[in-house]
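This report refers to the structure that appears directly beneath it.
2 protein chains.
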Amino acid sequence: MPKVAVIGLGRFGTALSRRLSAAGAEVLAIDRDGRLIDEIKDDVDVAVRLDATDRQALLSQEVDKVDVAVVAIGENFEASLLTAVVLKQFGVPHVVCRAQTAIHAEIFRQIGADEVVQPEQETGAHLARRLANPRLVDAFRLADGLTLIEFSAPAEFHEKSIRHLELRAKYDVNLVVIRRRQGEAQRVFSPSPEEVIQPDDVLVMIGSDEALARLPKE
Amino acid sequence: MPKVAVIGLGRFGTALSRRLSAAGAEVLAIDRDGRLIDEIKDDVDVAVRLDATDRQALLSQEVDKVDVAVVAIGENFEASLLTAVVLKQFGVPHVVCRAQTAIHAEIFRQIGADEVVQPEQETGAHLARRLANPRLVDAFRLADGLTLIEFSAPAEFHEKSIRHLELRAKYDVNLVVIRRRQGEAQRVFSPSPEEVIQPDDVLVMIGSDEALARLPKE
Ligand SMILES: Nc1ncnc2c1ncn2[C@@H]1O[C@H](COP(=O)(O)OP(=O)(O)OP(=O)(O)O)[C@@H](O)[C@H]1O
Ligand SMILES: Nc1ncnc2c1ncn2[C@@H]1O[C@H](COP(=O)(O)OP(=O)(O)OP(=O)(O)O)[C@@H](O)[C@H]1O
Chain A
1 MPKVAVIGLG
11 RFGTALSRRL
21 SAAGAEVLAI
31 DRDGRLIDEI
41 KDDVDVAVRL
51 DATDRQALLS
61 QEVDKVDVAV
71 VAIGENFEAS
81 LLTAVVLKQF
91 GVPHVVCRAQ
101 TAIHAEIFRQ
111 IGADEVVQPE
121 QETGAHLARR
131 LANPRLVDAF
141 RLADGLTLIE
151 FSAPAEFHEK
161 SIRHLELRAK
171 YDVNLVVIRR
181 RQGEAQRVFS
191 PSPEEVIQPD
201 DVLVMIGSDE
211 ALARLPKE
Chain B
1001 MPKVAVIGLG
1011 RFGTALSRRL
1021 SAAGAEVLAI
1031 DRDGRLIDEI
1041 KDDVDVAVRL
1051 DATDRQALLS
1061 QEVDKVDVAV
1071 VAIGENFEAS
1081 LLTAVVLKQF
1091 GVPHVVCRAQ
1101 TAIHAEIFRQ
1111 IGADEVVQPE
1121 QETGAHLARR
1131 LANPRLVDAF
1141 RLADGLTLIE
1151 FSAPAEFHEK
1161 SIRHLELRAK
1171 YDVNLVVIRR
1181 RQGEAQRVFS
1191 PSPEEVIQPD
1201 DVLVMIGSDE
1211 ALARLPKE
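Chain order of the listed sequences is A and B.
With my numbering applied, the first sequence corresponds to residues 1 to 218, in that order.
With my numbering applied, the second sequence corresponds to residues 1001 to 1218, in that order.
Written out as structure tokens, the structure reads:
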């Protein structure tokens, strides 16, 4: 299991630390605010109060021996940057930096950060994609030659079970989820082979572009 | 195209507004800080400076007529809450609220928010999943509780057929396609149950976060 140091216990660092621990990673949580250390110490392997710009303090906690270090300090860019530089000097294999803006992100990359996250911007982009497209996704390129499409169930699929439709054998596509209205709400579920397609079902499928193009359109 | 009001132009609200506009949605951007309005006005349909707790001001901008309203005010919980309540009173069909913590999120739901986002916590959870699982190639949230992941085939899956692995029965995940190197090229295909997993195969799967977390990691 990877050994991960999380430096900075704001909402991002705290959520990250707890989820990592829950997933079985070994977590070393660091912050200079003692109250945050007290709040998290039962949820991680080690929680220690120190100033991340203090190189000796980091070495005393063996931060140079971790597999991954995440610099989750928010507002203090200078401290973030200095910490990231020190971590790369220690030889930490994978250093992730949280950046406030695209320009900050670029600076982190230039000093050697292996990965940069921008929580607010990434969540904004993700929400925008979902809202602009009130159907789950319209067509989303997953990888070369692989697309995810949303497709309202054509008439010839209505009242047939998924097993009966033999989508994989006949069309070489994989039906991954169905979106179905239930009164006011919408249910999104991964169907079993026995599920019967209903009119108005929206089928979310994955396949190559050629395969998807062969699906019946009416 | 949906008409979306974004109230609060911090990093989250600004990224959301620009991406929505780029995706073709009609965007009404609101903030009480005039400088933020100036910075964004060329990127959205309408940018207007007003205090979101001022009901008359909202009505004068026809915020009651939008399809979606996103309350992206950060630190001022009271203003966020009041604004959300007013939007639901106006009858805005879909109100999304940005929450600072799980407790704030719960309060927003109780006053009628249709959706709640927590950018820092969601990004922390997403990063935790990728870091705890170095086999994870990519992960994409499809909808509440449902994620698509790309996952390099762990050793215990090698040389076994998909039927034999019983992924749905054992892990409650749906293997949608396999990506396999073939010489220089890459083949992406929807596998039959007889397909045998090879080392280096990348498995693209869909399931709930809990189900995906149970997949073998080595
Ligand atoms: N030099 C430092 N050494 C250790 N911890 C630090 C240092 N500077 C800041 N921190 C810690 O980093 C944490 C996160 O910083 P801050 O609260 O500014 O970020 P934020 O962007 O508001 O976080 P979030 O959005 O994740 O809630 C704070 O708990 C703070 O104590
Ligand atoms: N009553 C209000 N009416 C209109 N705008 C408001 C009101 N209160 C706050 N705002 C605006 O909301 C915006 C976002 O708030 P704030 O900067 O506190 O959030 P944040 O959590 O730091 O944002 P982010 O993390 O997205 O950068 C600010 O630009 C602020 O001017």
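Even for Gly, the Cβ is constructed at its ideal location relative to N, Cα and C.
Rounded to whole angstroms, the Cβ separation of A/A84 and A/A113 is 6 Å, and the two are in contact under 8 Å.
In this structure, A/L50 lies away from A/V86, with their beta-carbon atoms at least 8 Å apart. Cβ proximity to chain A below 7 Å picks out N1174, V1176, V1177, R1179, Q1186, V1188, S1190 from the region 1174 to 1190 of chain B. Excluding the 5 residues flanking it on each side, A/V202 has same chain C-beta neighbours closer than 8 Å at R135, L136, E150, F151, S152, A153, I178, R179, R180, in chain order. Its Cα nearest to that of A/K3, the residue B/N1133 stands out among B/I1197, B/E1166, B/N1133. Annotation for A/D31: the continuous beta strand (DSSP E) segment containing it runs 26 to 31.
Between the C-alpha atoms of A/A128 and A/S60 there is a straight-line separation of about 44 Å.
Rounded to whole angstroms, the gap between the alpha carbons of B/A1025 and A/S208 is 28 Å. For B/S1161, DSSP records a beta bridge to B/V1196. When Cβ-Cβ separations below 8 Å define contact, A/E166 makes no contact with chain B. By the 16-neighbour rule on beta-carbons within 10 angstroms, B/A1185 is exposed. B/A1005 has its alpha-carbon roughly 6 Å from the corresponding atom of B/V1027. What B/A1023 touches in chain A, judged by beta-carbon distance under 9 Å, is A128, R129, L131, A132, N133, going in chain order. B/L1009 is not a Cβ neighbour of B/A1023, given a cutoff of 8 Å.
By the rule that beta-carbons nearer than 8 Å mark a contact, B/Q1121 touches chain A. The Cβ neighbour count for A/R18, taken over all protein chains shown within 10 Å, is at least 16; the residue is labelled buried.
Excluding residues up to 5 positions away in sequence, V177, R179 lie with their Cβ nearer than 6 Å to the Cβ of A/V188 in the same chain. At a C-beta separation below 8 Å, B/V1063 has no neighbours in chain A, since its nearest C-beta there lies roughly 16 Å away.
Distance from the Cα of A/A155 is smallest, within the candidate group A/A52, A/L215, A/Q118, A/I107, for A/L215. The residues V1196, I1197, in chain order, have a CB closer than 8 Å to that of B/K1160 in the same chain once the five nearest residues on each side in sequence are set aside.
The alpha carbon of A/E194 has as its nearest neighbour, out of A/A211, A/V204, A/D200, A/E166, the alpha carbon of A/E166. Distance from A/A72 to A/R98 at the Cβ level is roughly 5 Å; contact confirmed, criterion being Cβ atoms closer than 8 Å. B/P1093 has a beta carbon lying at 8 Å or more from every beta carbon in chain A.
Near chain A, meaning a CB-to-CB distance below 9 Å, the residues of the region 1093 to 1116 of chain B are H1094, V1096, R1098, Q1100, T1101, E1115.
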